[in-house]
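Position 32 of the sequence shown, counting from 1, maps to 133 under the working numbering, and the rest follow consecutively.
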Amino acid sequence: MKKTFALTHPKLQPARLVDAIKHEIRKYLARERRKAVPAGKDYWTFDCRFGASEAEAKPMFTSEINQHIDAAAAQQWPQFYIEILARACNHKPRPDSDLE
Numbered sequence: 102m103k104k105t106f107a108l109t110h111p112k113l114q115p116a117r118l119v120d121a122i123k124h125e126i127r128k129y130l131a132r133e134r135r136k137a138v139p140a141g142k143d144y145w146t147f148d149c150r151f152g153a154s155e156a157e158a159k160p161m162f163t164s165e166i167n168q169h170i171d172a173a174a175a176q177q178w179p180q181f182y183i184e185i186l187a188r189a190c191n192h193k194p195r196p197d198s199d200l201e
């Protein structure tokens with residue numbers, strides 16, 4: 102998902118608009134996680150970027166999405182850009198010292 106969301110709407114209150122955006126992002130993440138993982142991979146991870154525009158977007162963790170959206174709404178940004186790209190990964194094996 103590479104998308105610019107507007108934080109202003111003529112009929113919707115900003116808080117309801119933010120809730121709708123968060124819901125859309127959660128639905129996208131759930132839909133991507135439901136997809137079959139390629140052979141030899143364990144799980145889906147997401148590469149995320151967030152900013153006022155695509156040029157200003159900085160990397161972030163998936164768990165920080167809601168915090169960044171809330172901060173953008175509090176600072177009254179007219180819009181923000183979010184990029185979420187799914188990537189299949191393998192879990193790293195535990196070191197032998199953890200098994201003791």
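Note that beta-carbon positions come from the ideal geometry of N, C-alpha and C, so glycine has one too. None of the values given here were measured: they were computed from a predicted structure.
- Restricting attention to Ile185, Ser154 and Phe181, the CA atom closest to the CA of Ser164 is found in Ile185.
- Put simply, the segment 130-140 does not touch the segment 170-179. Fewer than three CB pairs are less than 8 angstroms apart.
- If the five residues before and after Gly152 are omitted, its C-beta is found closer than 8 angstroms to the C-beta atoms of Ala158, Lys159, Phe181 and Tyr182, all from its own chain and listed in chain order.
- Contact check for Ala187 and Pro139: beta-carbon distance about 11 angstroms, past the 8 angstroms limit, so the pair fails to qualify.
- Annotated three-state conformation of Lys123 is helix, per DSSP.
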